[in-house]
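Residue numbers (this note's numbering): 8 to 216. Just so it is clear, CB atoms sit at the ideal spot from N, CA and C, and this is done for glycine as well. What you are looking at is a predicted structure, and each value in this text was computed from that prediction instead of being measured. The structure appears right after this line, and notes come after that.
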Ligand SMILES: Cc1cc2nc3c(=O)[nH]c(=O)nc-3n(C[C@H](O)[C@H](O)[C@H](O)COP(=O)(O)O)c2cc1C
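Listed below in structure tokens is the structure:
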């Protein structure tokens, strides 16, 4: 069982990195192999809507090839569970994470557009289908939009036909931290992140023994 953690923060070794790694630590205690990917320092271009991925000839191939997303998608395809964390940026995910979400449309088109295959909703063209997903958000405010951000992440997972889990507290890991490293002082936030790791590993383990 392999669990991948993705931190959507552009700030290296910041609060999101800490919380996602905390979740991965908990998952590894459940027997999972884990991998961590930080989007900070990565070259990530946004979707430009060119439509190449929708054409019959290219089938799920993105026209943008000169950045880091294609390699990240390969790692995502290999994982049984994916934990995605983001700092709250204006009540939502970061631009880097949104670009990863938008460009991941190719993971739905790999065998042609779903509309090309009527009667097979959620067919095998969804390459993230049935992977287990959990979400973590950290904001500087106590009620700074963590839940909106968790919701954005879980909604992306649902559109990828993933199976989402929450934790013992709610819909995901929610932490309050502002300056770099501050998350280490948010005991409840750390515990909530750990619980996301435990739930993702628990459910992934039931699916893939
Ligand atoms: C552009 C920007 C927008 C932000 N918007 C919010 C916000 O809407 N709500 C909030 O609680 N915190 C907001 N913050 C604070 C960050 O979410 C917070 O500092 C977080 O801990 C950063 O995580 P990181 O260390 O992983 O980068 C914002 C920070 C930046 C840079």
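In this structure, residue 26 sits away from residue 83, with a CB-CB distance that is not shorter than 8 Å. The beta carbon of residue 189 sits closer than 7 Å to those of 22, all from its chain and outside the five residues before and after it, given in chain order. For residue 17, the three-state secondary structure derived from DSSP is coil.
Under the Cβ criterion (8 Å, minimum of three pairs), the segment 102–120 does not count as touching the segment 36–43. Cβ-Cβ distances below 7 Å link residue 209 to 37 in the same chain, with the five nearest sequence neighbours on each side left out; the list follows chain order. Residue 47: not part of any beta strand (DSSP E); DSSP gives it neither H nor E. Distances from the CA of residue 17 to each of 73, 34, 49, 71 were compared; the closest alpha carbon is that of 49. The alpha carbon of residue 75 has as its nearest neighbour, out of 46, 99, 135, the alpha carbon of 46. Judged by their CB atoms, residue 90 and residue 152 are not nearer to each other than the 8 Å cut-off.
Burial state of residue 111 is buried, judged by a 10 Å Cβ sphere holding 16 or more other Cβ atoms. Looking at the DSSP output, residue 92 sits in a beta bridge with 14, 143.
Taking each of 148, 13, 146, 54 in turn and checking the Cα distance to residue 70, the smallest one comes out for 54. In terms of Cβ geometry, residue 180 and residue 206 do not form a close pair [threshold 8 Å]. The three-state secondary structure of residue 207, taken from DSSP, is helix.
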